[in-house]
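Participant: There's a structure below that I have some questions on.
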């Protein structure tokens with residue numbers, strides 16, 4: 597069955613298996629020489645089939661973004677997991693339940709209140725809760741700032757009391773805003789230096805720090821030195837997307853994820869083609885709006901996955917998309933008859949994948965060979 | 597059980613039942629005097645429980661945005677449905693299967709190619725496929741332009757050959773960009789005038805036009821005259837959202853949908869509070885960015901649903917949100933301890949609800965009395 601078969605309903609999510617394998621091989625080659633653990637982040641794929649392609653063993657390791665992922669991947673035998681979002685105290689009972697089911701589930705915090713709750717829970721259940729302290733290397737989001745030694749030692753000391761301190765982690769999310777190779781390399785250096793400094797502070801204070809974990813797709817692909825790092829996390833690289841292409845970490849031809857859609861009408865006066873995919877199928881992510889090349893709601897390809905001129909999804913409603921030539925590009929519009937199938941490359945693979953509950957896996961550009969379920973929720 | 601109970605996991609979707617009932621009553625009062633059918637759009641709620649509150653009978657009528665909705669609501673006994681997105685020819689076999697299961701499923705098109713495919717399918721299955729022709733009253737999206745009489749008669753004549761022509765429909769989506777009452781009333785007048793003109797053209801040409809259907813929440817609430825209209829569709833009004841409040845169609849206190857979230861950390865130097873809800877729970881919809889009051893990724897309320905100062909969700913990543921005072925508001929920041937539960941009002945109820953698979957229904961502000969499943973997909 598190929599992507600033009602009416603039995604494949606549109607919109608749906610398509611994954612080019614060859615591209616996924618190539619993207620995974622590229623990351624492994626990048627970090628293969630270094631003595632680090634590859635802990636792929638499964639928040640993008642949320643599929644055990646996709647996870648098994650990227651993990652170095654069926655048991656993991658892997659990073660996750662929700663406790664639902666811990667339960668789902670745990671159920672499928674993945675037993676080495678890091679829940680990489682700061683813990684809310686109310687979630688600790690569920691963390692313990694997952695740990696007791698046989699998963700080595702590490703969690704993350706950056707503050708004293710949560711550290712105290714972790715210790716209290718670990719003590720009350722007599723269950724070790726391995727915890728990484730989040731470090732903020734670039735002011736992007738959460739974490740204890742590099743150099744705030746007092747806070748770091750305070751949180752670490754509390755966790756260590758109950759044997760829960762496993763190490764430190766960071767996410768150099770600021771790298772997503774970069775596009776120059778030199779700036780990306782500097783961000784990778786800064787990420788490594790900051791987290792290693794935090795790890796050394798702990799060790800100097802006789803606090804254990806077995807794990808020193810970094811991760812963001814742009815910095816991982818731009819790193820030149822991983823000394824002092826024990827593990828790297830990266831997620832979106834498995835599929836890549838237009839945003840990462842804008843950053844310069846991949847090319848458009850590396851993007852393995854697309855949304856299959858069908859033409860349902862036209863507004864010929866405006867040179868618009870209407871498709872059956874709006875924000876529900878594509879997501880409302882407009883990340884590329886801030887990059888040199890604005891891809892609007894996605895870059896339009898033919899059914900085999902080849903970009904068509906400068907066609908983009910210009911506007912979206914819930915289940916409608918408007919395809920047109922990228923404003924300012926000067927390319928000629930294209931007649932795409934009603935019923936034509938197209939594929940839209942996403943701005944942000946995590947966001948677009950999240951709108952769907954399965955992947956159609958294609959080989960040789962458009963032959964559907966498998967369907968992988970994916971899950972959502974918390 | 598109330599919203600502070602740890603058994604209620606965050607993030608999750610909360611619906612204030614009293615507000616929903618009030619919003620429904622308000623729409624019914626608005627159109628109650630007119631001799632029109634209320635065909636609520638179920639694309640926002642995607643829940644049989646929510647549908648039963650708003651439909652005028654358990655069998656419908658209702659409008660839907662996917663064939664999955666037709667199947668799901670059909671399975672629960674809703675038998676009068678309008679699939680209000682232009683049909684792709686490849687979907688017609690599935691339309692027939694749904695019709696044969698006992699649902700009166702009307703579809704929509706605006707072009708000759710699809711009309712021919714509808715007639716061919718209806719003939720080959722000996723199954724009537726009732727069809728409305730979409731009219732474009734404001735250049736917003738799809739539809740035959742008001743005044744393009746040749747196209748309208750051409751499409752209608754093809755459909756009529758096989759007895760498939762049921763009438764005309766439009767969606768005055770341009771009204772979403774308005775904020776002034778006079779402009780909204782003018783948009784409602786324009787919607788009515790345009791669709792009635794299309795209906796009259798058909799009748800003048802001896803073509804049937806039993807249904808004259810309009811619908812957009814802003815124009816429905818701003819209409820002053822419904823003569824010539826047989827049915828109205830509206831969807832988001834059941835929940836309302838910050839975007840509709842920005843248009844002026846509702847007040848913030850009418851918004852019945854929110855996302856329950858938990859504080860997981862702080863960046864005190866920047867006066868940021870970090871929550872466990874990012875774009876995955878809130879959606880990336882930034883519709884209010886173009887309105888006079890930018891609500892960023894949502895307006896922050898306490899656990900009872902009361903807005904807190906000028907707190908908004910300033911930034912989002914996948915599972916992290918940054919809560920801060922709205923830039924430029926001058927309000928004082930607020931200390932919200934780790935573990936505090938908050939509720940975030942959404943920019944766009946349809947987009948936020950789409951990120952979840954259930955609703956927690958609350959009465960008396962925060963007592964959870966029911967959980968309603970919701971579905972997604974196509």
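Chains as they are written, first to last, in my numbering: chain W, 597 to 974; chain D, 597 to 974. Glycine is no exception: its CB is placed at the ideal position from the N, C-alpha and C atoms. The structure displayed is predicted, hence computed values, not measured ones.
Report all residues from its chain with a CB closer than 6 Å to the CB of residue 804(W); omit the five preceding and five following residues, and keep chain order.
Facilitator: 761
Participant: In three-state DSSP terms, what is residue 676(D)?
Facilitator: strand
Participant: Cβ of residue 963(W) less than 7 Å from any chain D Cβ?
Facilitator: no
Participant: Whose C-beta lies closer than 7 Å to the C-beta of residue 701(W) among residues of the same chain, with five residues either side of it excluded?
Facilitator: Hits under 7 Å: 666, 677, 679, 691, 694, 695.
Participant: Are the C-beta atoms of residue 849(D) and some chain W residue less than 7 Å apart?
Facilitator: no
Participant: What residues in its chain sit with their C-beta under 7 Å from that of residue 891(W), if we drop five residues either side in the sequence?
Facilitator: 838, 884, 908, 943
Participant: Starting from the C-beta of residue 935(D), find all residues in its chain whose C-beta is less than 8 Å away, skip the five residues before and the five after it, and write them out in chain order.
Facilitator: 858, 859
Participant: Relative to the alpha-carbon of residue 645(D), which residue among 974(D), 973(D), 972(D), 967(D) has its alpha-carbon at the smallest distance?
Facilitator: 967(D)
Participant: Could you name the residues of chain W that residue 720(D) contacts, counting a contact when the two beta carbons are closer than 9 Å?
Facilitator: The premise fails here: residue 720(D) is roughly 14 Å from chain W at the closest Cβ pair, so nothing lies under 9 Å.
Participant: Given 8 Å as the limit, is there contact between the stretch 802-818 of chain D and the stretch 612-619 of chain D, that is, 3 or more CB pairs closer than that?
Facilitator: Put simply, the stretch 802-818 of chain D does not touch the stretch 612-619 of chain D. Fewer than three CB pairs are less than 8 Å apart.
Participant: Could you pull out every unbroken beta strand (DSSP E) segment of at least 3 residues lying fully inside the stretch 666-720 of chain D, listed in chain order?
Facilitator: 676-682, 700-705
Participant: Mind checking which residues open and close the beta strand (DSSP E) that includes residue 904(D)?
Facilitator: 903-912
Participant: Can you check DSSP and say which residues form a bridge with residue 612(W)?
Facilitator: 958(W)
Participant: Under a Cβ-count criterion, where at least 16 other Cβ atoms within 10 Å of its own Cβ denotes burial, should residue 685(D) be classed as buried or exposed?
Facilitator: buried
Participant: Shorter than 7 Å from the beta carbon of residue 710(W) to some beta carbon of chain D?
Facilitator: Closer than 7 Å: yes.
Participant: Does the beta carbon of residue 684(D) come closer than 7 Å to any beta carbon on chain W?
Facilitator: yes
Participant: Please compile the residues from chain W whose C-beta is within a distance smaller than 7 Å of the C-beta of residue 946(D).
Facilitator: Neighbours of residue 946(D) on chain W, chain order: 914.
Participant: How about the stretch 923-932 of chain W and the stretch 947-954 of chain W: do they share at least three Cβ pairs that are nearer than 8 Å?
Facilitator: no
Participant: Kindly list the residues whose CB is nearer than 8 Å to the CB of residue 606(D), restricted to its own chain and excluding five residues on each side of it in sequence; keep chain order.
Facilitator: Cβ neighbours of residue 606(D) beyond the five flanking positions: 856, 857, 858, 872, 873, 937.
Participant: From this set, 798(W), 866(W), 741(W), 914(W), which residue's C-alpha is nearest residue 662(D)'s C-alpha?
Facilitator: 914(W)
Participant: Within the same chain, show all residues whose beta-carbon is closer than 7 Å to that of residue 733(W), passing over the 5 residues directly before and after it, in chain order.
Facilitator: 742, 766, 768, 786, 787, 790, 791
Participant: Which residues in the same chain as residue 818(D) place their Cβ atom closer than 8 Å to its Cβ, once the five residues preceding and following it in sequence are excluded?
Facilitator: 771, 777, 780, 781, 783, 784, 845
Participant: Considering only C-alpha positions, which residue in the set 801(D), 758(D), 920(D), 827(D) is nearest to residue 595(D)?
Facilitator: Residue 595(D) lies beyond the range of chain D shown here (597 to 974); nothing can be said about it.
Participant: Short of 8 Å Cβ to Cβ, which residues in the stretch 740-756 of chain W face chain D?
Facilitator: From the stretch 740-756 of chain W, only 741 have a Cβ closer than 8 Å to chain D.
Participant: Can you check which of these residues, 727(D), 807(D), 744(D), 747(D), is closest to residue 756(D) by C-alpha distance?
Facilitator: 727(D)
Participant: What are the start and end residues of each continuous beta strand (DSSP E) run of 3 or more residues lying completely inside the stretch 720-770 of chain D, in chain order?
Facilitator: 727-732, 761-766
Participant: Hey, how far is the Cα of residue 864(D) from the Cα of residue 714(W)?
Facilitator: 22 Å
Participant: Could you give the residue range of the alpha helix (DSSP H) that holds residue 788(D)?
Facilitator: 777-800
Participant: How is residue 915(W) classed by DSSP in three states: helix, strand or coil?
Facilitator: coil
Participant: Taking residue 840(W) as part of the alpha helix (DSSP H), name the residues at either end of that continuous run.
Facilitator: 838-843
Participant: Please return the same chain residues whose Cβ sits closer than 7 Å to the Cβ of residue 904(W), not counting the five positions on each side in sequence.
Facilitator: 896, 897, 898, 930
Participant: For residue 901(W), count neighbouring C-beta atoms within 10 Å of its own C-beta (all shown protein chains included) and say buried if the count is 16 or more, exposed if not.
Facilitator: buried
Participant: Any beta-carbon of chain D closer than 7 Å to the one on residue 671(W)?
Facilitator: No, residue 671(W) lies away from the interface with chain D (no Cβ there is under 7 Å from its Cβ).
Participant: How would you write the range of the beta strand (DSSP E) that residue 807(W) sits in, first residue to last?
Facilitator: 807-810
Participant: Quick one, which residues of the stretch 927-960 of chain W are near chain D if we go by CB-CB under 9 Å, in chain order?
Facilitator: Cβ proximity to chain D below 9 Å picks out 933, 934, 935, 937, 944, 946, 947, 950, 951, 952, 953, 954 from the stretch 927-960 of chain W.
Participant: Leaving out the 5 sequence neighbours to the left and right, which residues in its chain are closer than 7 Å to residue 673(D) when beta-carbon positions are compared?
Facilitator: 654, 655
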